[in-house]
Amino acid sequence: MKNLKIKSGLLALVFGLAIVFSQSAFKYVEKQTGKSFDTRTFYYHGPSTYTQAQVEDEANWSTVPSEDLCDQTNQVACRIDIDLSFVDNPSSPAPTLKSTANLVAAYNTSTSSAYITGSADPNMAKENNTKP
Numbered sequence: 037m038k039n040l041k042i043k044s045g046l047l048a049l050v051f052g053l054a055i056v057f058s059q060s061a062f063k064y065v066e067k068q069t070g071k072s073f074d075t076r077t078f079y080y081h082g083p084s085t086y087t088q089a090q091v092e093d094e095a096n097w098s099t100v101p102s103e104d105l106c107d108q109t110n111q112v113a114c115r116i117d118i119d120l121s122f123v124d125n126p127s128s129p130a131p132t133l134k135s136t137a138n139l140v141a142a143y144n145t146s147t148s149s150a151y152i153t154g155s156a157d158p159n160m161a162k163e164n165n166t167k168p
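So in my numbering, spot 5 of the sequence shown is number 41, and the numbers just go up one at a time.
Okay, structure coming up:
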């Protein structure tokens, strides 16, 4: 009987420690990243000349889908999925990109157009399409 109480107590202690360590591990990762992992999709709606300055201008991006389809070739700016921390009024019908998004574009001399290469959001997803 005494042996059964000791084993039950030991099993309860091990189980309790396992729960504490597993829960604290998940909370630690969440605190370390500090990211919400919520994103918003923006489409390029600037001038069709696609200069580097135009593509990097946050005001030329909106949540209204682009009329042409993106096919992921690095030639013309098309679409980005960016963390909500870089979006003003993310839950409104017309959110805008913050200037802190710091969009970065490169210029493709063969197509005479710029495309998105990065931003302040290291996890930003981007799609660039072929110039019409």
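From the three backbone atoms N, C-alpha and C, an ideal C-beta is built for every residue, glycine too.
Comparing C-alpha positions only, which one of the options sits nearest to residue i?
i	options	result
Tyr79	Ser102, Thr85 and Gln90	Ser102
Ser128	Ser148, Tyr143 and Thr99	Thr99
Pro158	Ser121, Gln111 and Asn144	Ser121
Ala156	Val123, Asn165 and Asn144	Val123
Would DSSP call residue i helix, strand or coil?
i	result
Leu120	helix
Gly154	strand
Thr75	strand
Ser146	coil
Ala130	coil
Asn165	strand
Lys63	Unreliable positioning characterises Lys63 in this predicted model, as indicated by a pLDDT of 41, which lies under 50. The coordinate reading is nonetheless provided below. Three-state DSSP puts Lys63 in a helix.
Ser98	strand
Met160	coil
Can you give me the Cβ contacts of residue i inside the same chain, cut-off strictly under 8 Å, excluding the 5 residues immediately before and after it?
i	result
Glu94	Thr132, Leu133, Lys134, Ser135, Ala137 and Leu139
Val91	Tyr80, Gly82, Ala113, Leu139, Ala141, Ala150, Tyr151 and Ile152
Ala130	Ser98 and Thr99
At the level of alpha carbons, what is the spacing between residue i and residue j?
i	j	result
Thr75	Asp119	4 Å
Ser146	Lys162	20 Å
Gln88	Tyr143	6 Å
Ser84	Trp97	13 Å
Asn187	Gly154	In the structure as shown, the chain starts at 37 and stops at 168, and residue 187 therefore has no counterpart that could be examined.
Once you ignore the five residues that flank residue i on each side, which residues in its own chain have a CB closer than 6 Å to its CB?
i	result
Asp117	Thr75, Thr77 and Ala161
Ala61	Residue confidence for Ala61 is low, a pLDDT of 48 falling below 50, so the modelled location carries little weight; the figure read from the coordinates is stated next. Cβ within range, chain order: n/a, list empty.
Tyr86	Val112, Ser149 and Ala150
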